[in-house]
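Peer 1:
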Amino acid sequence: MKNYYTVLGISQGATDEDIKKAYRKLAMQYHPDRNEGDNKAEEKFKEVSEAYAVLSDAKKRGQYDQYGSEGFHEKFSRDDIFRDFDINDILRGFGSGGGNPFQGQGNPFGGGFGGPFGQAQREAPIPPLKKELTISFEEAALGCQRSLSISRNGVVEEIKVVVPPGITHGKVLRLKGKGQSALSSNRRGDLHLLVNVYPHPLFRREGRDIIVDADIKLTQALLGATIEVQTMNDIKSVKIPPGTQHNTKLRLKGMGIAFPSGLRGDQLVRILVKIPKNLSDEQIPHIQFLQDTGI
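Using the working numbering, read the sequence shown as starting at 191 and increasing by one per residue.
1. If we ignore side chains and look at the alpha-carbon of each, how far apart do residue 424 and residue 399 end up?
2. By Cβ distance below 6 Å, which residues in the same chain neighbour residue 319 in space, the five residues on each side in sequence not counted?
3. Select from 217, 260, 223 and 231 the residue whose C-alpha is nearest the C-alpha of residue 242.
4. What did DSSP end up calling residue 204 once you bin it into helix, strand or coil?
5. Looking at C-beta atoms only, is the number of pairs between the stretch 384 to 402 and the stretch 444 to 457 that lie closer than 8 Å three or more?
6. Three-state secondary structure (DSSP) at residue 370?
7. Output yes or no for whether 9 Å exceeds the beta carbon distance between residue 427 and residue 409.
8. Looking only at its own chain, which residues have a Cβ that is under 6 Å from the Cβ of residue 234, when we skip the five neighbours before and after it?
9. According to DSSP, is residue 425 helix, strand or coil?
10. Is it buried or exposed for residue 263, if we count other Cβ within 10 angstroms and need 16 for buried?
11. Using three-state DSSP, classify residue 228 as helix, strand or coil.
12. Rounded to the nearest angstrom, what separates residue 159 and residue 271 at their Cα positions?
13. Taking buried to mean at least 16 other C-beta atoms within 10 Å of its own C-beta, is residue 346 buried or exposed?
14. Given a threshold of 16 other Cβ atoms within 10 Å of its Cβ, counted over all protein chains shown, does residue 213 qualify as buried or as exposed?
15. Going along the chain, which unbroken runs of the alpha helix (DSSP H) with 4 or more residues stay wholly within the stretch 370 to 421?
16. Could you please give the first and the last residue of the uninterrupted alpha helix (DSSP H) stretch that includes residue 268?
17. Between the Cα of residue 337 and those of 432, 348 and 330, spot the shortest distance and give me the residue it belongs to.
18. Roughly how many angstroms separate the alpha carbons of residue 430 and residue 414, rounded to a whole number?
19. Suppose contacts are defined by Cβ-Cβ distances below 9 Å. Is residue 411 in contact with residue 460 by that definition?
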């Protein structure tokens, strides 16, 4: 899967001006009007323009950085990428004196030359095929790959769906070219999958962190203890410091929701101190003694 930063030869921390300069240089080098008949230059021009369309838009760039290259392309189609992107407006700003260096040469994404960009503009878009995908809390947190049977134009086909880690309930995965076929051509529309995430009996999500409740006794809160806590991976031993208060949250680093980059959030263990409702005849004097000592 292409990396847009690599395509433009810039770092992930590049400024807007760095992105514009890199695209200007490559667009001038590979524009089809300067490389007539060179299919490789044409494809390279489309590639750098796609990278610029994403990285020059703050919202699209943020989503690209969040989901990673693979997750972004599962979520957004080419039509999404080039929405509100006018190549002529861009190139006009790159010419000397503000003029378009390719003025009168035709829109490189329209009828000026063939390929998927010109074709997409001439033909009406195909409505997306909409389905639902239900996954577990763990699958949403860590990412997964699922097989899905899709009926398209009367033919049932099994496809593989890559669910990016950290996806939330209600998000829509957009799979390019996995929808219905056009009647007049070989083009295919997109498949939109509405993601439903089953609630977990123990865990709940807060951003990139997972929260789980742990009950402890009053004596454990006062004196400290070691308890067993369930995580998504296994059971962990967690130390309760002496004097732990009710609703204290203990943090387990790197045990939370996964990021597309491979990093993970944390798991927070919320301590619930259970106060006994009834005391035995033997316990009452001991508690009264603690009361007399100021506890």
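Don't be surprised by glycine CBs; every beta carbon is placed ideally from N, CA and C.
Peer 2: On the basis of the data shown:
1. 17 Å
2. 369, 370 and 381
3. Per the Cα distances, 217.
4. coil
5. yes
6. coil
7. no
8. 220
9. strand
10. Residue 263 is classed as buried because its beta carbon has at least 16 other beta carbons within 10 Å across all chains shown.
11. coil
12. There is simply no residue 159 to check, as the chain begins at 191 and stops at 485 in what is shown.
13. exposed
14. Around the beta carbon of residue 213, a 10 Å sphere encloses 16 or more other beta carbons of the protein chains shown; the residue is thus reported as buried.
15. Listed in chain order, the complete alpha helix (DSSP H) runs (minimum 4 residues) inside the stretch 370 to 421 are 408 to 413.
16. 268 to 272
17. Minimum Cα distance to residue 337 is reached at 348.
18. 5 Å
19. no
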